[in-house]
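Everything below concerns the one structure shown next.
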Amino acid sequence: MSVASHIVVFVIAWWLVLFMILPVGVKTPEEAGEEREPGTPESAPHNPRIVRKMLITTAIASVIWLIYWLIVKYDIITFEDVMM
């Protein structure tokens with residue numbers, strides 16, 4: 002497989018993991034014990050920690066990509082296996 006294919010697999014895995022990680026641990030200002038600022042929606046996150054979540058996403062997506070790479074490199078699962 003080409004480098005571009007591997008990059009596409011990594012990017013897809015990264016975005017999927019990001020959307021799974023985003024809602025984890027998010028609290029509204031009321032749940033955090035603080036007052037909501039005027040003009041913000043009730044569901045607005047208090048402290049979303051986006052950078053931390055992106056680093057966690059990168060680590061998990063890297064592991065997923067490594068598993069994918071091992072499967073492709075060593076022909077653990079081939080196209081013929083899938084079609085049988």
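When the sequence shown is numbered by the working numbering, its final residue is 85 and no position is left out of the sequence of numbers. Ideal Cβ positions, reconstructed from N, Cα and C, are used throughout, including at glycine.
If you draw a straight line from the Cα of Glu38 to the Cα of Ala62, it comes to about 35 Å.
With the rule of 3 Cβ pairs closer than 8 Å, the region 67-75 does not count as touching the region 27-41. Trp66 is positioned such that its CB atom lies closer than 8 Å to that of Ala14.
No Cβ-Cβ contact shorter than 8 Å links Thr59 with Ile22.
Cβ atoms of Val27 and Pro49 come within 8 Å of each other, at about 6 Å. Here Tyr69 carries a helix assignment [DSSP, helix/strand/coil]. Rounded to the nearest whole angstrom, the C-alpha separation of Val9 and Val83 is 21 Å.
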